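Numbering (my numbering), first residue to last: 104 to 227.
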């Protein structure tokens, strides 16, 4: 598979374009983009024994984060590529948790904590 790299500055400018075109509602679109990326990560690691560790490694290799720590109901990120705008990252993390627990999740950014997330399981 071929990967395409973009700079953090390009990501910020792209987000600005999305916000302008979508009247400030780019969050949903960027979350969905992240979810697609997350599903690609999951596809590569689906049979791995250390699922969360492998997800973390791939996210670091691809430049999305400097580090990410997955726990049962939360994820903490160090130096996200998106800065303090974490919508794509929230989508990636949602896809990882959904695959691991085999159920839909709601990934909530914890305000005031940079890109830290709380995971809620939907339907139980």
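The beta-carbon is built from N, C-alpha and C at its ideal position, and this holds for glycine as well.
Small disclaimer: the values here were computed from a predicted structure and weren't measured.
Taking the continuous alpha helix (DSSP H) assigned at residue i, which residues delimit it?
i: residue 196; result: 190-204
i: residue 122; result: 111-124
i: residue 171; result: That residue, residue 171, is in no alpha helix (DSSP H); its beta strand (DSSP E) goes 170-173.
i: residue 140; result: 129-148
i: residue 164; result: 154-164
Would you report the Cα separation of residue i and residue j, rounded to the nearest angstrom?
i: residue 223; j: residue 112; result: 32 Å
i: residue 115; j: residue 211; result: 21 Å
i: residue 145; j: residue 195; result: 9 Å
i: residue 130; j: residue 108; result: 21 Å
i: residue 204; j: residue 151; result: 14 Å
i: residue 105; j: residue 123; result: 30 Å
i: residue 185; j: residue 128; result: 16 Å
i: residue 117; j: residue 175; result: 32 Å
i: residue 165; j: residue 172; result: 16 Å
i: residue 142; j: residue 110; result: 22 Å
Within the same chain, show all residues whose beta-carbon is closer than 8 Å to that of residue i, passing over the 5 residues directly before and after it, in chain order.
i: residue 138; result: 194, 195, 197, 198
i: residue 148; result: 154, 157, 158, 161
i: residue 225; result: 206, 207, 208, 209
i: residue 134; result: 190, 191, 193, 194, 197
Check this for me: beta carbons of residue i and residue j, under 9 Å apart or not?
i: residue 170; j: residue 182; result: yes
Take residue i and list the residues in its own chain whose beta-carbon comes closer than 6 Å to its own, dropping the five residues that flank it on each side.
i: residue 168; result: 162, 180, 183
i: residue 140; result: 195
Residues in the same chain with beta-carbon distance under 7 Å from residue i, minus the five sequence neighbours each way, listed in chain order, please.
i: residue 220; result: 177, 178, 193, 196, 210, 211, 212, 213
i: residue 132; result: 121, 125
Which first and last residues belong to the beta strand (DSSP E) in which residue i is found?
i: residue 180; result: 177-181
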